[in-house]
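Inspection log for the structure reproduced underneath, given as structure tokens.
Number of protein chains: 2
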Amino acid sequence: MTSTLSPTDRSSVRRHRDRQRSDRAELHAVLDEALVAHLGRVVDGEPVVLPTMHARVGDTLYLHGSSGAASLRGGEPVCVTVTLIDGLVYARRWFTHSANYRSAVVRGHARKVTDPDEAMTALRALVAHVAPGQEDHAAAPTRKEMAATSVIAVDLTEASVKARTGPPGDGDAVAEGDARWAGVVRLETRVAEVTTCPALPEDTPVPAHVPAVEK
Amino acid sequence: MTSTLSPTDRSSVRRHRDRQRSDRAELHAVLDEALVAHLGRVVDGEPVVLPTMHARVGDTLYLHGSSGAASLRGGEPVCVTVTLIDGLVYARRWFTHSANYRSAVVRGHARKVTDPDEAMTALRALVAHVAPGQEDHAAAPTRKEMAATSVIAVDLTEASVKARTGPPGDGDAVAEGDARWAGVVRLETRVAEVTTCPALPEDTPVPAHVPAVEK
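Chains as they are written, first to last, in the UniProt record's numbering: chain G, 1 to 215; chain L, 1 to 215.
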């Protein structure tokens, strides 16, 4: 697969084409950074969107979780969208308010993962995605757990990435005499607290792979 | 409307029923805290999920933005989902890894807002939702901007809220001799930086309603 996204007509960005990105590495980066995906399905002709955990392995997106993913039939059309809000754009006009963000929209068909090796690879990636290091620290699934687990794959063939960065779009108002403050409030997600499971002795050492509180 | 959610069969939580919440105030709180919503539609029989900005006024959810919302037809079935990731649950087994989260799933039909007063109320709420105070600091839409703006309303009649809190679910492993660390990594979104628009003098005072950097 090339490093350039080749959106079909369906996956092209229709509005704000200047915000469309074409680098496959950027698609991967957005998917890898996001902690939650939103899985869209059609149920009885109507849309249903549920949050789910995801992980990428190469150009395959794997889904799992209490997400409706478990009830997906193979071959069913799906849309998986992830969004990172990087900042809030405080403008001079309501109309020009915006958010700085990166989002990825993946359209495809759900494939039930039936090969045990692929399922294990996917589950390992799902754990490593949200809790890096836990794929080695924690115990891999038993045969019984595997049987109770449904993994879905979606190819990253038909995907688009969109992003907005930078200051408010109405900066030309300053030259016209508008002195109101405007700018960008940058947001980030940080680790606020690490709590040891109350079933453990309080002084149980926290392993090095667990992220520390960020101040 | 009562303070209790009355989910229909369609909006009931099917998995982890213990995670379902029934308080309308909790629905409101999740919608109000989330900075982005994911709007699901059916296009040519297939699901499409796009990020969009949202705001709640009473028991109505308003949508607007570069989201496909603008192209929604009135009466079209939609699903609007918001998710807050509060923490990552580091367990002893891959199988018991999870996230602490709150999510709201709203199903309904898109209503095009045509009344100018309602549209103005909705746009004010949309600005105030992500940038509180800006609804007064920034200029309201001109007639031309209003004409270029599409606002969609979805009633919060058919909505469900789901949440997970607390430690890993596999604490009983400790009594069985598993001494491995497990716990919760709590996450929060914070203001990392406030940048004044480069079109303004650098010393332009930042108004008090703009959130300060959180350390």
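We put the CB at the ideal spot given by N, CA and C, even for glycine.
Backbone secondary structure at residue i - three-state DSSP
| i | result |
| --- | --- |
| Thr52 of chain G | strand |
| Ser67 of chain L | Because the pLDDT at Ser67 of chain L is just 48, under 50, the model does not fix this residue reliably, and the value given afterwards should be weighed accordingly. In this structure, Ser67 of chain L counts as coil in the three-state DSSP scheme. |
| Gly183 of chain L | strand |
| Asp155 of chain G | strand |
| Arg24 of chain G | helix |
| Thr60 of chain L | strand |
| Glu33 of chain L | helix |
| Ala125 of chain G | helix |
| Pro7 of chain G | Per-residue confidence for Pro7 of chain G stands at a pLDDT of 44, beneath the threshold of 50, marking its modelled position as unreliable; the derived number appears in the next sentence. In this structure, Pro7 of chain G counts as coil in the three-state DSSP scheme. |
| Lys144 of chain L | helix |
| Asp117 of chain G | helix |
| Asp178 of chain G | coil |
| Asp172 of chain G | helix |
| Val130 of chain L | helix |
| Thr2 of chain G | Here Thr2 of chain G scores only 35 on pLDDT, less than 50, and its place in the model should not be relied on; the value that follows carries that caveat. Coil. |
CA-to-CA distance, residue j to residue i, given in whole angstroms
| i | j | result |
| --- | --- | --- |
| His54 of chain L | Glu76 of chain G | 29 Å |
| Gln129 of chain G | Ser150 of chain L | At residue 129 of chain G the sequence reads His, which differs from the Gln that was named. The straight-line gap from Cα to Cα measures roughly 37 Å. |
| Gly166 of chain L | Ser103 of chain L | 16 Å |
| Lys112 of chain G | Leu39 of chain G | 15 Å |
| Ala156 of chain L | Thr60 of chain L | Residue identity differs from the one stated: residue 156 of chain L is Leu in this sequence, not Ala. One C-alpha to the other measures close to 6 Å. |
| Ala140 of chain G | Val82 of chain G | 27 Å |
| Glu46 of chain G | Leu50 of chain L | 15 Å |
| Glu176 of chain L | Ala125 of chain G | 27 Å |
| Leu27 of chain G | Val57 of chain G | 13 Å |
| Asp203 of chain G | Asp170 of chain L | 19 Å |
| Glu158 of chain L | Arg180 of chain L | 43 Å |
| Val206 of chain L | His109 of chain G | 48 Å |
| Lys144 of chain L | Val36 of chain G | 38 Å |
| Ser98 of chain G | Ala131 of chain L | 10 Å |
| Asp23 of chain L | Leu123 of chain L | 27 Å |
| Ala147 of chain L | Pro116 of chain L | 10 Å |
| Arg93 of chain L | Asp86 of chain G | 32 Å |
| Lys215 of chain L | Asp136 of chain L | 27 Å |
| Gly133 of chain G | Ala208 of chain G | 9 Å |
| Thr121 of chain L | Val48 of chain L | 28 Å |
| His64 of chain L | Arg107 of chain L | 17 Å |
| Tyr62 of chain G | Ala25 of chain G | 17 Å |
Sheet register partners of residue i (DSSP bridge)
| i | result |
| --- | --- |
| Cys79 of chain G | G:Gly40 and G:Arg107 |
| Gly87 of chain L | L:Asn100 and L:Arg186 |
| Pro47 of chain L | L:Val42 |
| Ser160 of chain G | G:Val105 |
| Arg93 of chain G | L:Ala139 |
| Lys112 of chain L | L:Ile152 |
| Ala191 of chain G | In the sequence on display, residue 191 of chain G carries Val and not Ala. Bridge partners of Val191 of chain G: L:Leu187. |
| Thr204 of chain L | DSSP output for Thr204 of chain L lists no bridge partner at all. |
| Thr196 of chain L | G:Gly183 |
Proximal chain A residues relative to residue i, where beta-carbon distance stays under 8 Å
| i | result |
| --- | --- |
| Tyr62 of chain G | Structure shown: chain A not included; protein chains present are G and L. |
Amino acids of chain L, ordered along the chain, whose beta-carbon sits closer than 7 Å to that of residue i
| i | result |
| --- | --- |
| His129 of chain G | By Cβ distance, chain L contributes nothing, its closest Cβ being about 10 Å from His129 of chain G, past 7 Å. |
| His137 of chain G | Arg180 |
| Glu158 of chain G | Under the 7 Å cutoff, chain L gives no residues; its nearest Cβ is about 11 Å from Glu158 of chain G. |
| Glu145 of chain G | Phe95 |
Contact set between residue i and chain G, taken where Cβ atoms lie within less than 8 Å
| i | result |
| --- | --- |
| Thr83 of chain L | Val36, His38 and Pro51 |
| Thr204 of chain L | Ala179 and Trp181 |
Beta carbon of residue i nearer than 9 Å to that of residue j
| i | j | result |
| --- | --- | --- |
| Arg186 of chain L | Val80 of chain G | no |
| Ala119 of chain L | Val127 of chain L | no |
| Val174 of chain G | Ala212 of chain L | no |
| Glu33 of chain G | Leu84 of chain G | yes |
| Tyr90 of chain L | Val210 of chain G | yes |
| residue 232 of chain G | Val161 of chain G | This structure leaves residue 232 of chain G out entirely; chain G is present only between 1 and 215. |
| Ala182 of chain G | Thr196 of chain L | yes |
| Val78 of chain G | Val154 of chain G | yes |
| Phe95 of chain L | Thr189 of chain G | no |
| Leu88 of chain G | Val191 of chain G | no |
Beta-carbon neighbours of residue i, restricted to chain G and to distances below 7 Å
| i | result |
| --- | --- |
| Pro141 of chain L | Trp94 and Phe95 |
| Val194 of chain L | Gly183 and Val185 |
Within chain G, the residues that residue i reaches when beta carbons sit closer than 9 Å
| i | result |
| --- | --- |
| Lys112 of chain L | Under the 9 Å cutoff, chain G gives no residues; its nearest Cβ is about 17 Å from Lys112 of chain L. |
| Val210 of chain L | Tyr90, Trp181, Gly183 and Val185 |
Residue i CB to nearest heavy atom of the ligand NAD below 8 Å
| i | result |
| --- | --- |
| Thr157 of chain L | For the structure depicted, the ligand NAD is absent and the ligand set is empty, with no information on it obtainable. |
Chain-ordered chain L contacts of residue i [CB-CB under 9 Å]
| i | result |
| --- | --- |
| Thr189 of chain G | Ile85, Leu187, Glu188, Thr189 and Arg190 |
| Leu200 of chain G | Gly171, Val174, Ala179, Arg180, Trp181, Ala182 and Gly183 |
| Ser103 of chain G | Val36, Leu50 and Pro51 |
Residues that residue i contacts on chain L, provided the C-beta gap is smaller than 8 Å
| i | result |
| --- | --- |
| Glu46 of chain G | Val42, Pro77, Cys79 and Arg107 |
| Ala99 of chain G | Leu35, Val36, Met53 and Val130 |
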